[in-house]
Amino acid sequence: MQKDSELTEQQAGTAHLNEQDAVVSPGPPPADDSSMLAKRLRHGEPAAARELVDRYYERVYLFMRAVGHDRQISEDLTQETFLRAWYHIAQLRDGKALTGWLFRIAGNVSRLHRRRLKGKEAVSLESVEPPEGQVDGSLEAGQQEQLIRVRQAVERLPRKLREAVVLHYLEQLTIVEAADAAGIRVGTLKSRLNRGLEALRKEVADE
Amino acid sequence: MKATVDAAFREPEGVDQRMGTQRIEDLLEALGTHGFDRARPELAQEIKGRIPHRLIPHRTDLVGMLAEVRISRFAAAATILVALLVSGSFFGGRDAVGKQMYEDSKLLFQYMLAGENACKSRVLNNLMRFRDDMAAQGREVVFYGDQVDLNNRYSIILHWKLSDDRYGVVLGDLSARTISGDMLIRLQTYMLQEQAKK
Chain A
82 MQKDSELTEQ
92 QAGTAHLNEQ
102 DAVVSPGPPP
112 ADDSSMLAKR
122 LRHGEPAAAR
132 ELVDRYYERV
142 YLFMRAVGHD
152 RQISEDLTQE
162 TFLRAWYHIA
172 QLRDGKALTG
182 WLFRIAGNVS
192 RLHRRRLKGK
202 EAVSLESVEP
212 PEGQVDGSLE
222 AGQQEQLIRV
232 RQAVERLPRK
242 LREAVVLHYL
252 EQLTIVEAAD
262 AAGIRVGTLK
272 SRLNRGLEAL
282 RKEVADE
Chain B
4 MKATVDAAFR
14 EPEGVDQRMG
24 TQRIEDLLEA
34 LGTHGFDRAR
44 PELAQEIKGR
54 IPHRLIPHRT
64 DLVGMLAEVR
74 ISRFAAAATI
84 LVALLVSGSF
94 FGGRDAVGKQ
104 MYEDSKLLFQ
114 YMLAGENACK
124 SRVLNNLMRF
134 RDDMAAQGRE
144 VVFYGDQVDL
154 NNRYSIILHW
164 KLSDDRYGVV
174 LGDLSARTIS
184 GDMLIRLQTY
194 MLQEQAKK
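Keeping their order, the protein sequence lines are chains A and B. Count the first sequence with our numbering and you get residues 82 to 288, in order. Count the second sequence with our numbering and you get residues 4 to 201, in order.
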């Protein structure tokens with residue numbers, strides 16, 4: 082059933098994202114480095130676990146914030162992501178999959194949290210506070226305003242589209258890594274990105 | 004980076020859809036670098052403080068899995084024994100995982116032959132060792148003693164503080180959970196009530 086819906090999603094994609102996206106990796110460390118780290122993790126080196134934290138804790142925290150959790154919850158979920166990573170270290174295969182593997186855990190942790198709180202989540206302070214100070218203060222006022230507008234538009238996206246957009250554009254994961262992290266096919270991810278971008282474009286243009 | 008950010012905020016020339024999409028992509032990239040508060044540096048230290056002493060690939064937790072699906076203890080024990088016999092032929096008892104399986108199987112035989120009381124002291128010993136490990140990490144762990152009812156899934160065996168209003172607990176069914184301060188008090192009250200009944 083899930084595969085069917087994924088196929089439908091793929092067909093609905095407008096494919097402005099091409100295959101080149103799959104090999105461009107703007108942010109993360111080189112694959113060799115990741116391979117070595119993954120190997121050390123599989124051997125149970127505590128130093129490798131510390132390195133994993135140093136390398137990824139900010140990105141995992143950003144992911145949690147960008148998918149809509151408040152600061153405190155994002156910190157808790159970031160911690161939980163790493164605890165689960167250590168618990169499931171046997172599932173880590175090679176370095177190429179390290180980033181996707183960690184963000185897949187992060188996505189699961191985030192979803193589980195929402196499921197646990199379904200129907201009883203209180204309004205967070207941040208949702209009633211003005212967003213000042215939450216974007217880089219060094220930017221000009223107009224630029225801050227635009228970022229806040231885009232951020233609010235991202236927050237209004239349906240969960241699946243938002244996760245795809247956050248993984249690829251904010252976290253700078255490649256298409257392949259982002260698809261792996263979201264647990265979907267590459268075509269499905271591209272389709273979600275297209276739909277997400279289209280929704281954002283319309284919303285930002287309307288304002 | 005500054006050039007990328009500036010490009011992201013430039014107004015689009017014309018109404019071309021492709022241009023609009025490109026602008027959104029640039030803005031999203033800028034959002035990733037400038038749009039959210041940064042993680043506290045102390046967060047990394049807090050996470051590192053929770054790295055387990057022994058970071059070993061986790062073997063399949065059959066006990067937990069079977070407890071989750073709520074089949075009877077006897078059926079669970081039988082299923083685990085079959086699984087151990089099968090997997091034993093692969094591991095051969097030569098490495099740490101194999102040794103642990105051997106220990107588990109001995110425990111299960113004791114459990115099946117002599118009932119759970121035969122295992123209770125070993126379970127409690129293991130939990131006390133866990134408490135000592137936690138104490139060595141500087142955590143304050145409260146152990147509720149060997150009078151805890153291991154048949155009662157709502158009785159607390161151990162608890163320790165994780166952060167404000169969040170506690171880790173090991174319950175009577177040997178599951179580990181994270182609960183709020185309110186829930187901890189409710190469970191403690193329940194335990195006192197149960198003890199008073201005895």
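Idealized CB from N, CA, C, for every residue including glycine.
TODO: Scan the stretch 131-186 of chain A and note each continuous beta strand (DSSP E) run of 3 residues or more that stays entirely inside, going in chain order.
DONE: none
Task: Environment of Y250/A [buried if 16+ CB atoms lie within 10 Å] - done: buried
- [ ] Taking I160/B and Q191/B to be in contact with their CB atoms under 8 Å, please state how far apart those CB atoms are, rounded to whole angstroms.
- [x] 12 Å between Cβ atoms; not a contact.
TODO: Give the DSSP bridge partners of K164/B, in chain order.
DONE: Y170/B
Task: Same chain only: Cβ atoms within 8 Å of E197/B, ignoring 5 sequence neighbours per side - done: D152, N155, S158
Open item on the list: Between the alpha carbons of K241/A and R273/A, how many angstroms are there, rounded?
Closed with: 7 Å
- [ ] Within 10 angstroms of the Cβ of S166/B, are there 16 or more other Cβ atoms? Answer buried if so, exposed if not.
- [x] exposed
Open item on the list: Measuring only the C-alpha atoms, how far is R189/B from E252/A?
Closed with: 41 Å
TODO: Grab the span of the beta strand (DSSP E) containing I182/B for me, first residue to last.
DONE: 179-183
TODO: Establish whether the CB of P239/A and some CB of chain B are separated by less than 8 Å.
DONE: no
Open item on the list: Please identify, using Cβ separations under 7 Å, the residues of the stretch 23-39 of chain B that lie next to chain A, in order along the chain.
Closed with: G23, T24, I27, E28, L30, L31, E32, A33, L34, G35, H37, G38, F39
Task: Spatial neighbours of G67/B in its chain, beta-carbon cut-off 6 Å, leaving aside the 5 residues before and after - done: For G67/B, the pLDDT reaches just 45, beneath the cut-off of 50, and the residue's location in the model is therefore unreliable, leaving the point undetermined.
TODO: Confirm, please, whether the CB-CB distance from Y142/A to L34/B is below 8 Å.
DONE: no
TODO: Would you kindly check if the distance between the Cβ of A234/A and the Cβ of L248/A is under 8 Å?
DONE: no
Open item on the list: Can you pull out the residues from the stretch 257-287 of chain A whose beta carbon lies closer than 8 Å to at least one beta carbon of chain B?
Closed with: L278, E279, L281, R282, V285, A286
- [ ] In the DSSP assignment, find the unbroken alpha helix (DSSP H) run with V151/B in it and report its ends.
- [x] Careful: V151/B lies outside any alpha helix (DSSP H) and carries neither H nor E.
- [ ] Measuring only between beta-carbons, confirm whether R196/A sits less than 8 Å from chain B.
- [x] no
Task: Proximity below 8 Å, CB of L173/A to CB of R123/A - done: yes
Open item on the list: At the 8 Å Cβ level, is D135/A part of the contact set with chain B, yes or no?
Closed with: yes
Task: Neighbourhood of Y193/B by C-beta, 7 Å cutoff - its chain only, sequence neighbours within 5 removed - done: Y157
TODO: Tell me, please, whether the CB atom of E214/B is closer than 8 Å to any CB atom in chain A?
DONE: Look at the range of chain B in this structure, 4 to 201, and you will see that residue 214/B is not part of it.
- [ ] Determine the DSSP secondary structure at A280/A, reduced to helix, strand or coil.
- [x] helix
Open item on the list: I want to see whether chain B comes within less than 8 Å of A93/A, judged by CB atoms only; does it?
Closed with: Residue confidence is low: A93/A scores 49 on pLDDT, short of 50, so the model does not pin down where it sits. Its coordinate-derived value is still stated next. Answer no: the Cβ-Cβ gap between A93/A and chain B never drops below 8 Å.
Task: Exposure of H150/A, with buried meaning 16 or more beta-carbon neighbours within 10 Å - done: buried
Open item on the list: Using CA atoms only, rank isn't needed, just tell me which of L270/A, A171/A, Q153/A, M145/A is closest to T289/A.
Closed with: What the structure shows of chain A is the stretch from 82 to 288, and residue 289/A is not part of that stretch, so it cannot be assessed.
TODO: Classify N275/A as buried or exposed, calling it buried when 16 or more other Cβ atoms lie within 10 Å of its own Cβ.
DONE: buried
Task: Helix, strand or coil at F39/B according to DSSP, with G and I counted as helix - done: coil
TODO: Since I believe V173/B is in contact with I182/B (beta carbons under 8 Å), could you give me their beta-carbon distance rounded to a whole number of angstroms?
DONE: Rounded, the Cβ-Cβ distance is 11 Å, inconsistent with contact.
Task: Nonlocal neighbours in the same chain, by C-beta distance under 7 Å from A203/A, ignoring five residues either side - done: With a pLDDT of 43 at A203/A, under the threshold of 50, the modelled position of that residue is not reliable, and the figure given next carries that caveat. Same-chain partners within the cutoff: there are none.
Open item on the list: Quick check on the burial criterion: 16 or more other C-beta atoms within 10 angstroms. Buried or exposed for G38/B?
Closed with: buried
TODO: Go to V257/A, then tell me how far its alpha helix (DSSP H) extends in each direction, as first and last residue.
DONE: 256-263
Open item on the list: Cutting at 7 Å between CB atoms, please list the residues of its own chain near Y137/A, excluding the five before and the five after it.
Closed with: L183
TODO: Would you please verify whether the beta carbon of T80/A is less than 8 Å from any beta carbon of chain B?
DONE: This structure cannot settle anything about residue 80/A, because the visible part of chain A is limited to 82 through 288.
TODO: With 8 Å as the threshold, decide whether the Cβ of Q227/A is near any Cβ in chain B.
DONE: yes
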